[in-house]
Structures are given as C-alpha cells and as structure tokens.
Amino acid sequence: MEASSTATGVSEPRVHLVKAGAGGFQFEPAELTNVSVGDIITFEFYPPDHSVARAEYGSACVPYEYTGKDKAGFWSETQWVETTSDITHWNLTINSTEPIFYYCAAPSSCMGKQMVGAINPNSTQTLDAQKIAAAKADFQVAPGEPVPKEASSTLVAAPTASSQENLTASNHHSSKLSSAAIVGIVFGGIAFIALCIAVLFHVARRTRIGHRAALLTPPPNPAGAHLISPGVCEIPPPFSPSSTIISPYVYPYSEYIHRIPHNEQPQ
Numbered sequence: 001m002e003a004s005s006t007a008t009g010v011s012e013p014r015v016h017l018v019k020a021g022a023g024g025f026q027f028e029p030a031e032l033t034n035v036s037v038g039d040i041i042t043f044e045f046y047p048p049d050h051s052v053a054r055a056e057y058g059s060a061c062v063p064y065e066y067t068g069k070d071k072a073g074f075w076s077e078t079q080w081v082e083t084t085s086d087i088t089h090w091n092l093t094i095n096s097t098e099p100i101f102y103y104c105a106a107p108s109s110c111m112g113k114q115m116v117g118a119i120n121p122n123s124t125q126t127l128d129a130q131k132i133a134a135a136k137a138d139f140q141v142a143p144g145e146p147v148p149k150e151a152s153s154t155l156v157a158a159p160t161a162s163s164q165e166n167l168t169a170s171n172h173h174s175s176k177l178s179s180a181a182i183v184g185i186v187f188g189g190i191a192f193i194a195l196c197i198a199v200l201f202h203v204a205r206r207t208r209i210g211h212r213a214a215l216l217t218p219p220p221n222p223a224g225a226h227l228i229s230p231g232v233c234e235i236p237p238p239f240s241p242s243s244t245i246i247s248p249y250v251y252p253y254s255e256y257i258h259r260i261p262h263n264e265q266p267q
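Reminder that position 189 of the sequence shown reads as 189 in the working numbering, one-by-one numbering, no gaps.
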C-alpha cells in the first residue's frame, strides 16, 4: 500500500482529533494547520452540551449558511454528555484547503467564552481575529434558530424571529384546517348513520303495515254468498219463506210391502 501511494503521489487521509469541552469552554487544539483534502477531523465531546457549527470569518457566533445565499455549513447538533464515560464523537471530512472556522453553540460558549476553532487559518484570516469577533458579537444562535430582527439586514439568509412566528402561525392555521376537516368527517359519518337508521325504520314500518293489511283482508267469497259490502257477506239461510223445498218421503219398510195382484184383489 505504501509503494502504491508513493508511486502515485497520493497519501492516506489523516485523522485529526479535536476535544470539545475537555478543559472547559475550549477546543483542544483550537487550531489545525496543514489539513489536506480528504482528511478527517474527529470531534470528541465532553460534558455537558457542546457542539460544532461552521462560522464565517468575522461572524463568529452565527451559522455559516446565514451569512449568504447558497452557503452550506456543517452542524454536529448538540451532544448531550453526562459523564466522561459517555463521551461522543462526530467526524468532519475536509473538502477544501481554504480556512474553515467553527464555534460551539452551547449557551454563552461563543460570545462569553470565545469557544471557537480554525482549520487551515492563514495570515489574513486568523484564529485570534475570530476570537475578537466572538467577544464583540451581539448575539449567538445555533443552526436553525432565528436571529434578532435588527440582524436581518446583514444576515440575509438567516431566519428571523418574525419569520419563525409567521411559520408557526401558518402551521397553527393548517392545524385548525385539519381539525375542521376531521370534525366535518365525523359529522358526515354521524349523518350517514342517521340516514341509514331512518331508511331501516321506514322499511320496517312499511313491512309492518303490509302485514296488518294482509290480516284485515276478507277471505274469498264462498259459494252462494252475496257480497254486500267490503268485509261483510250474506249467506241465505237454509229455509226461507220465499222458497219451497220438496223432499221425497219414503215410507219405512215400503220395499217390504207385499203387493197383491190386481186380479186377486177382493171384490
């Protein structure tokens, strides 16, 4: 591997260790020189809440991306560490040999303690000048936090407190609309259920009325019945003064009577 590196003139990336908060509010070492492209800076975080955020030279305590459009910074986020046995690490890969500055965004660490660092500083952009800028800073913010309204004229890419308020109000309004939509859906569901109940009640009522009508319908007209009115019929009685019923009468034992021939009858 060494022969290949020597032949091509390319060296292996180096790892540089920077301790954040090991001896108080400071980076150790605070300055790294001769860092090559591809090298890795490993930040080691000590208690309680240190971090690393890129800063522009001269604007020591605000995020780098706040100082101009299309600028991209880096941010380790706050590293919460309770004891030295819980220290955390965060790696930064270097992609330029230009001076790079950073600061700790813990409360009062940049403004009050000038906890800033530099990678590849030069004669025109020095760590000492950056510390002076940190001491003179009017405010300190972490990436994502709004800056005061009076700073919006110089930090054109930074979110302000008013813009954050508008964003919060917009989100709150969206939440209200979402709640209204949910309420509408609930009431719509209740109305649909009520409609279904009404339809079922109507069908049941019609069925019940039809059943009662069937019970009240008169039976078919029997033979000989005279329909007078719906539901009322008259059946002629078996005997009526206006009718004569002739029924042949057969004498008892008539078939056993001895009939005397006519010529034998007594004179």
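Yeah, the Cβ is synthetic: ideal placement off N, Cα and C, and Gly gets one too.
Annotation: Ile40 is outside any alpha helix (DSSP H); the continuous beta strand (DSSP E) that includes it extends over 40-45. Separation of Ala60 and Ala106 (C-alpha to C-alpha, rounded to the nearest whole angstrom) is 13 Å. A direct Cα-to-Cα measurement between Ala204 and Gly184 gives close to 30 Å. Approximately 6 Å separates the beta-carbon atoms of Glu28 and Ala22; this is inside 8 Å, confirming the contact. Cβ contact annotation for Gln130 (same chain, cutoff 6 Å, sequence separation greater than five): Ala60, Phe101, Val116, in chain order.
If you check the CB distance, Val186 and Val62 do not come in under 8 Å.
Its chain contains Thr42, Glu44 as the residues whose beta carbon lies nearer than 7 Å to that of Leu17, once the 5 sequence neighbours on both sides are disregarded; these appear in chain order. Judged by beta-carbon spacing, Ile40 lies within the 8 Å limit of Thr93, meaning their Cβ atoms are closer than that value. Every beta strand (DSSP E) stretch that sits fully inside the segment 95-150 and reaches 3 residues is listed by chain position as 100-103, 116-119. Each of Ser85, Gly68, Ser109 was checked against the Cα of Thr78, and the nearest Cα belongs to Ser109. Note on geometry: alpha-carbon atoms of Lys149 and Thr67 lie some 15 Å from one another.
In this structure Arg54 is buried. Its beta-carbon is surrounded by 16 or more other beta-carbon atoms within 10 angstroms. Take the alpha-carbon of His89 and the one of Gly189: they are about 53 Å apart.
Close CB contacts of Asn95 within its chain, under the 7 Å cut and outside five residues either way in sequence, are with Val37 (chain order).
In the structure shown, the three-state DSSP call for Arg54 is strand.
In terms of CA proximity to Asn91, Arg14 leads the group Ala137, Phe139, Arg14, Ala194. Per DSSP, reduced to three states, the secondary structure at Val186 is helical. DSSP places Lys71 outside any beta strand (DSSP E), giving it a letter other than H or E.
In the displayed model, Phe201 falls within a helix according to three-state DSSP. For Ile87, the closest of His50, His202, Phe201, Gln26 by C-alpha to C-alpha distance is His50. The Cβ atoms of Pro143 and Trp75 lie closer than 8 Å to each other. In the DSSP secondary-structure assignment, Ala20 is bridged to Phe27, Phe45. Met111 is the residue among Pro146, Gln26, Met111 whose C-alpha sits nearest the C-alpha of Asp138. With fewer than 16 other Cβ atoms from the protein chains shown falling within 10 Å of its own Cβ, Glu82 counts as exposed. In this structure, the CA atom of Tyr57 is about 19 Å from the CA atom of Asn34.
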